[in-house]
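Engineer: Protein chains in written order, with this note's numbering: chain A, 18 to 258; chain G, 6 to 319.
My questions will all concern the structure given below.
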Ligand SMILES: Nc1ncnc2c1ncn2[C@@H]1O[C@H](COP(=O)(O)OP(=O)(O)OP(=O)(O)O)[C@@H](O)[C@H]1O
Ligand SMILES: [Mg+2]
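Quick look at the structure:
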């Protein structure tokens with residue numbers, strides 16, 4: 018294997034006395050579809066926060082394209098090509114849906130954005146997730162489901178090399194889940210590496226080439242989807258004993 | 006295109022202000038108009054930080070007074086001309102704004118606001134104890150001659166303030182219609198999401214606090230010549246903080262027009278109250294209007310207008 022796109026090395030994160038991540042390591046290869054699962058409160062979002070720079074890890078290091086990004090602020094990581102969605106949607110609430118994407122194209126995608134009118138490109142991305150009829154709507158007034166789609170569309174507007182989706186599909190109908198899966202598969206086929214965090218097992222299983230399982234801040238399993246689900250430790254983490 | 010028209014309009018207004026000084030002789034008119042224009046400048050300055058990025062500054066008085074006291078110092082020390090006072094006031098208060106910007110690293114929401122309030126108290130105490138600029142008892146400032154173009158100095162100040170206010174509005178207009186303004190808005194809406202969407206939030210916040218502080222200092226720079234007697238209580242008056250916050254809120258904080266509408270409305274109302282009743286009612290009036298708007302029309306007059314046009318179109 019060549020150099021991984023993302024390398025997480027022994028990352029520890031504490032909140033006061035509580036240790037949310039206890040030395041997690043993982044590698045994601047360029048072009049890979051990587052699934053991250055684990056029970057509620059196992060530290061998935063916390064790990065994403067450390068990778069995207071929303072939180073600073075207390076120990077360990079994070080490398081992107083071989084470079085140490087541990088000390089970089091979030092916006093610089095985005096410039097380098099890491100984009101994420103938020104599990105609880107955080108739209109730019111006073112702006113329209115289109116403006117949400119446009120400002121992201123301007124600030125996150127920068128030279129990766131296509132030349133010409135950013136509104137056109139933003140509109141295309143919106144159409145991809147089926148939000149184009151809502152382009153002019155104030156994003157703070159969208160429904161929860163629309164906001165999730167906006168989260169994904171906005172992360173796509175960053176034109177990332179690595180897109181991290183934190184439960185983008187929660188609450189969607191099964192046909193909508195299939196739709197978003199298609200979108201992410203297409204994005205991946207076009208070269209974007211994707212980390213998918215998801216509770217909907219059907220979606221992660223179908224999507225991922227490799228899955229890592231977190232439990233109580235530790236990585237307890239990693240491998241191809243069918244191997245991981247039959248793992249004893251994973252079964253125990255999910256079902257208890 | 007729109008920019009060129011607005012620029013032309015600004016030019017016409019400044020020339021208009023000058024022409025007015027040829028025709029109207031009543032000194033009070035200039036005194037009152039200066040006061041309103043000063044509020045257009047302060048409200049616009051406040052809105053660049055408070056309206057665009059969402060960081061509420063309660064310390065307008067500190068930035069304003071710092072501009073005024075920079076002038077007092079330079080007048081005392083070297084009899085500096087008005088242009089120098091304005092530039093210096095802007096620089097000093099801009100520097101203070103830059104410092105305040107770093108507070109946003111740790112302080113958000115109401116904690117930031119409280120810090121700006123504390124800043125005003127600290128600065129006022131410093132001025133009270135600094136005898137060279139008048140200390141607690143204040144200092145008289147003698148106006149220079151008005152020069153050949155004006156019959157008295159208040160007329161000159163009026164035209165200068167008209168130009169400064171226009172300049173501030175132009176700065177706000179430019180920010181609002183640029184990438185910078187859109188970045189500011191993401192900070193107001195959700196700072197963490199902004200960072201993750203590539204917005205360098207600290208850099209933009211520092212820009213906002215610096216520009217806002219600088220414009221407030223510029224507003225205060227001609228103040229010593231305007232009232233001719235500077236003392237801490239009036240220079241740091243709470244009414245600057247309250248008005249510069251209330252005016253954009255009443256007019257509408259999301260657009261450069263909002264602070265102008267609010268300043269003209271509340272400024273005129275207060276001038277009228279001062280003439281007919283007493284200036285002591287001013288803060289009460291501002292307070293009542295502000296509460297009414299916050300409750301009934303939180304998006305200000307602009308919000309009401311927008312809602313109105315949407316309804317007629319529908
Ligand atoms: N900012 C914070 N301060 C304190 N504790 C936190 C913070 N963020 C997360 N935690 C705690 O860290 C643990 C891991 O939380 P995290 O959100 O990463 O879990 P998760 O795997 O994403 O769960 P879910 O599937 O419910 O989204 C939880 O116990 C949570 O309460
Ligand atoms: Mg989570």
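For each residue, glycine too, the CB sits at the ideal point set by N, CA and C.
Taking only beta carbons into account, state which residues of the segment 112-133 of chain A come closer than 9 Å to chain G, listed in chain order.
Structural biologist: Under the 9 Å Cβ criterion, the segment 112-133 of chain A contributes 112, 116, 117, 119, 120, 121, 123, 124, 125, 126, 127.
Engineer: In chain order, what are the residues with a CB under 5 Å from some non-hydrogen atom of ligand 1?
Structural biologist: Taking each Cβ in turn, the ones that pass are A:32, A:37, A:57, A:58, A:59, A:60, A:61, A:62, A:63.
Engineer: Hey, does residue 192 of chain A have any beta-carbon neighbour from chain G nearer than 8 Å?
Structural biologist: No, its Cβ sits nowhere closer than 8 Å to a Cβ of chain G.
Engineer: In three-state DSSP terms, what is residue 273 of chain G?
Structural biologist: Note: residue 273 of chain G maps to helix in three-state DSSP.
Engineer: Counting contacts by CB-CB distance shorter than 8 Å, is residue 165 of chain A in contact with chain G?
Structural biologist: Judged by the 8 Å Cβ criterion, residue 165 of chain A is not in contact with chain G.
Engineer: Using a Cβ cut-off of 8 Å (strictly closer), state whether residue 51 of chain A contacts chain G.
Structural biologist: So no, residue 51 of chain A is outside the interface.
Engineer: Suppose you measure from the CA of residue 118 of chain A to the CA of residue 183 of chain G; what does that come to, to the nearest Å?
Structural biologist: Looking at the two C-alpha atoms, the distance is approximately 16 Å.
Engineer: Sort out for me which residues DSSP pairs residue 203 of chain A with in a bridge.
Structural biologist: Residue 203 of chain A pairs with nothing; no bridge assigned.
Engineer: Cutting at 7 Å between CB atoms, please list the residues of its own chain near residue 319 of chain G, excluding the five before and the five after it.
Structural biologist: Legend: pLDDT at residue 319 of chain G = 44, less than 50; position of this residue unreliable, no value from coordinates given.
Engineer: Between residue 42 of chain A and residue 229 of chain A, what straight-line distance do the alpha-carbon atoms span, to the nearest angstrom?
Structural biologist: One C-alpha to the other measures close to 10 Å.
Engineer: Out of G:171, G:80, G:304, G:216, state which residue places its alpha-carbon closest to the alpha-carbon of residue 100 of chain G.
Structural biologist: Nearest of G:171, G:80, G:304, G:216 to residue 100 of chain G, Cα basis: G:216.
Engineer: When you compare each of G:250, G:138, G:272 to residue 236 of chain G by their alpha carbons, which one comes out closest?
Structural biologist: Ranking G:250, G:138, G:272 by Cα distance to residue 236 of chain G puts G:138 first.
Engineer: Give me the Cα-Cα distance between residue 249 of chain G and residue 160 of chain A, rounded to the nearest whole angstrom.
Structural biologist: Cα to Cα, residue 249 of chain G sits roughly 36 Å from residue 160 of chain A.
Engineer: If you follow the alpha helix (DSSP H) that residue 81 of chain G is in, where does it begin and where does it stop?
Structural biologist: Looking at the DSSP string, the run of the alpha helix (DSSP H) that includes residue 81 of chain G is 65-83.
Engineer: What is the DSSP secondary structure of residue 248 of chain A, counted as helix, strand or coil?
Structural biologist: Coil at residue 248 of chain A, not helix or strand.
Engineer: Can you pull the chain G residues whose beta carbon is under 7 Å from the beta carbon of residue 175 of chain A, in chain order?
Structural biologist: Neighbours of residue 175 of chain A on chain G, chain order: 202, 203.
Engineer: The alpha helix (DSSP H) with residue 210 of chain G in it runs from where to where?
Structural biologist: Residues 206-225.
Engineer: Check whether chain A comes within 8 Å of residue 109 of chain G, counting only Cβ atoms and requiring the distance to be less than that.
Structural biologist: Residue 109 of chain G does not count as touching chain A.
Engineer: Use the C-beta contact count for residue 259 of chain A: other C-beta atoms within 10 angstroms, 16 or more gives buried, fewer gives exposed.
Structural biologist: The displayed coordinates of chain A run from 18 to 258. Any statement about residue 259 of chain A would go beyond what the structure contains.
Engineer: Quick one: residues in its chain with C-beta nearer than 6 Å to the C-beta of residue 80 of chain A, no 5 flanking neighbours on either side, listed in chain order?
Structural biologist: Answer for residue 80 of chain A: 24, listed in chain order.
Engineer: Helix, strand or coil: which one does DSSP assign to residue 229 of chain A?
Structural biologist: Of the three classes helix, strand and coil, the one that applies to residue 229 of chain A here is strand, per DSSP.
Engineer: Measuring only the C-alpha atoms, how far is residue 16 of chain G from residue 227 of chain G?
Structural biologist: Approximately 21 Å, taken between the alpha carbons.
Engineer: Comparing C-alpha positions only, which one of G:151, G:141, G:66 sits nearest to residue 51 of chain G?
Structural biologist: Looking at the Cα atoms, G:66 is the closest of the given residues.
Engineer: Can you tell me which of the three DSSP states residue 253 of chain A falls into?
Structural biologist: Correct three-state label for residue 253 of chain A: helix.
Engineer: Just confirm the distance between the C-beta atoms of residue 115 of chain A and residue 153 of chain A, as a whole number of angstroms; I'd bet it's less than 8 Å.
Structural biologist: The pair is a contact, with the Cβ atoms about 7 Å apart (cut-off 8 Å).
Engineer: For the beta strand (DSSP E) that contains residue 182 of chain A, what are its first and last residues?
Structural biologist: Run containing residue 182 of chain A: 179-183, per the beta strand (DSSP E) assignment.
Engineer: With burial defined as no fewer than 16 other Cβ atoms inside 10 Å of the residue's Cβ, what is the status of residue 69 of chain A: buried or exposed?
Structural biologist: Label assigned to residue 69 of chain A: buried.
Engineer: Check the Cβ-Cβ distances between residue 96 of chain A and every residue of chain G, and say whether any is below 8 Å.
Structural biologist: Yes, because at least one Cβ of chain G sits closer than 8 Å to the Cβ of residue 96 of chain A.
Engineer: So residue 197 of chain G contacts chain A; which residues on that side make the cut at Cβ distance below 7 Å?
Structural biologist: What residue 197 of chain G touches in chain A: 71, 107.
Engineer: Do we get a CB-CB distance below 8 Å when we pair residue 213 of chain G with the residues of chain A?
Structural biologist: Judged by the 8 Å Cβ criterion, residue 213 of chain G is not in contact with chain A.
Engineer: With 8 Å as the threshold, decide whether the Cβ of residue 30 of chain G is near any Cβ in chain A.
Structural biologist: Residue 30 of chain G does not count as touching chain A.
Engineer: Within 8 Å (strictly less), CB to CB, does residue 177 of chain G reach chain A?
Structural biologist: Taking Cβ atoms only, chain A never reaches closer than 8 Å to residue 177 of chain G, which makes this a no.
Engineer: Do you know how far the Cα of residue 258 of chain G is from the Cα of residue 304 of chain G?
Structural biologist: When rounded, the distance between both Cα atoms is 7 Å.
Engineer: In three-state DSSP terms, what is residue 325 of chain G?
Structural biologist: Because chain G here runs from 6 to 319, residue 325 of chain G falls outside it and cannot be looked at.
Engineer: Would the C-beta of residue 183 of chain A count as close to ligand 2, meaning under 7 Å from any of its heavy atoms?
Structural biologist: Yes, the Cβ of residue 183 of chain A comes within 7 Å of a heavy atom of ligand 2.
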